[in-house]
Amino acid sequence: MDLFRIIVFLIPPYSANAAPVVLGGGTPIDLGKTLWDGRRILGDGKTIRGLLAGLTVGFLVGFLEGYLLGDPLYIQLGVLSSCGAMFGDIFGSFIKRRLNIERGKPSLVMDQLLFIVFAILFSYPLLDEHMQDILAVESIVFILVFTYFMHRLMNIVANKLGLKKVPW
Ligand code: CTP
Ligand code: MG
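The sequence shown begins at 83 in the numbering used here and counts up one residue at a time.
What follows is the structure, encoded as structure tokens:
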């Protein structure tokens with residue numbers, strides 16, 4: 083397990099996931115629409131600006147990594163993992179609404195882990211080809227546990243800084 087490569091892999095999707103907290107807001111992605119169950123498709127917590135901000139920041143961080151490390155693989159990984167993180171985050175809200183969990187109410191798997199699970203799934207083809215070690219069971223377990231605690235920590239910090247109303 084190569085900790086350095088794992089952290090380098092994680093930084094773009096973490097950045098993509100964090101950016102909307104600071105830069106998001108405005109028109110919700112679901113445009114305020116509800117589904118057959120009478121609940122919002124995604125809710126007001128998932129905005130178009132947040133999505134674009136997350137993708138932009140994630141791509142930029144991946145580009146920076148690729149430049150600094152002199153390997154374009156990190157640029158490609160940054161794009162895939164950031165798209166995956168944003169998809170996972172949005173998909174998580176979709177599931178939360180279907181389970182009647184209100185916007186902003188906590189859900190361990192959906193809030194803290196789904197974004198990184200999809201970051202890995204989207205990156206799978208590249209990881210499989212170039213970074214098999216990240217797909218090893220111990221690496222995946224490490225990523226999930228590490229992400230859980232990082233997410234908790236970052237949300238407590240964001241709450242203290244007044245960026246988030248709730249510390250999760
Ligand atoms: N955010 C955004 N656009 C996104 C994702 C997040 O604008 N695509 C912003 C919103 O202001 C959101 C905050 O970042 O409230 C925190 O994101 P998150 O915790 O994922 O959203 P929640 O408000 O908790 O909503 P949900 O219950 O749907 O997860
Ligand atoms: Mg939340």
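Think of the CB as a built atom: it goes at the ideal place given N, C-alpha and C, for glycine as much as any other residue.
Note that the structure is predicted; figures quoted are calculated from it, not measured.
key: Limits of the alpha helix (DSSP H) - the one that methionine 232 falls within   = Residue mapping note: residue 232 aligns to position 150 of the sequence shown, counting from 1. From DSSP, the alpha helix (DSSP H) with methionine 232 extends over 219-242.
query = In three-state DSSP terms, what is threonine 109?
reply = Locating residue 109 in the sequence shown gives position 27, where the first residue counts as 1. Three-state DSSP puts threonine 109 in coil, outside helix and strand.
message = Would you call the region 124-141 in contact with the region 92-102, where contact means no fewer than 3 C-beta pairs closer than 8 Å?
response = Yes, the region 124-141 touches the region 92-102.
ask   = Counting pairs of Cβ atoms below 8 Å between the region 115-127 and the region 165-182, do you hit three or more?
value = With three or more CB-CB distances shorter than 8 Å, the region 115-127 counts as touching the region 165-182.
task = Kindly list the residues whose CB is nearer than 6 Å to the CB of isoleucine 202, restricted to its own chain and excluding five residues on each side of it in sequence; keep chain order.
result = Working through the sequence shown from its first residue, we reach residue 202 at position 120. Non-local beta-carbon contacts of isoleucine 202 in its own chain, meaning distances under 6 Å to residues more than five positions away in sequence, are absent.
message = Cutting at 7 Å between CB atoms, please list the residues of its own chain near tyrosine 156, excluding the five before and the five after it.
response = As a working note, residue 156 is residue 74 in the sequence shown. Residues of the same chain with a CB within less than 7 Å of the CB of tyrosine 156, apart from the 5 flanking positions on each side, are Val90, Gly144, Glu147, Gly148 in chain order.
ask   = Taking C-beta to C-beta, are phenylalanine 224 and isoleucine 88 nearer than 9 Å?
value = Working through the sequence shown from its first residue, we reach residue 224 at position 142. Working through the sequence shown from its first residue, we reach residue 88 at position 6. In this structure, isoleucine 88 lies closer than 9 Å to phenylalanine 224 by Cβ.
request  = For alanine 218, count neighbouring C-beta atoms within 10 Å of its own C-beta (all shown protein chains included) and say buried if the count is 16 or more, exposed if not.
outcome  = Here residue 218 refers to the residue found at position 136 when the sequence shown is read from its first residue. Here alanine 218 is exposed, its C-beta having fewer than 16 other C-beta atoms within 10 Å.
query = Starting from valine 139 and walking both ways along the alpha helix (DSSP H), at which residues does that stretch end?
reply = As a working note, residue 139 is residue 57 in the sequence shown. Counting along the chain, the alpha helix (DSSP H) containing valine 139 begins and ends at 130-151.
request  = Please work out which residues of its chain come closer than 7 Å, Cβ to Cβ, to aspartate 126, disregarding the five sequence neighbours upstream and downstream, and give them in chain order.
outcome  = Sequence index remark: in the sequence shown, residue 126 carries index 44 (1-based). Hits under 7 Å: Pro110, Arg185.
query = Using a Cβ-Cβ cut-off of 6 Å (strictly less than) and excluding sequence neighbours within five positions of glutamate 220, which residues of its own chain qualify?
reply = Stepping through the sequence shown from its first residue, residue 220 is reached at position 138. Closer than 6 Å at the Cβ level, and outside the excluded window around glutamate 220, lie Met83.
task = State the DSSP-derived secondary structure class of arginine 122, mapped to helix, strand or coil.
result = Residue numbering aside, residue 122 sits at position 40 when the sequence shown is read from its first letter. DSSP, read as helix, strand or coil, puts arginine 122 in strand.
inquiry  = For valine 104 and valine 199, I'd like the C-alpha separation in whole angstroms.
reply    = For the purposes of this step, residue 104 is taken as the residue at position 22 of the sequence shown. For the purposes of this step, residue 199 is taken as the residue at position 117 of the sequence shown. Between valine 104 and valine 199, the C-alpha separation is close to 23 Å.
inquiry  = Between the alpha carbons of phenylalanine 231 and lysine 115, how many angstroms are there, rounded?
reply    = Along the sequence shown, read from residue 1 onward, the residue named residue 231 stands at position 149. Along the sequence shown, read from residue 1 onward, the residue named residue 115 stands at position 33. One C-alpha to the other measures close to 33 Å.
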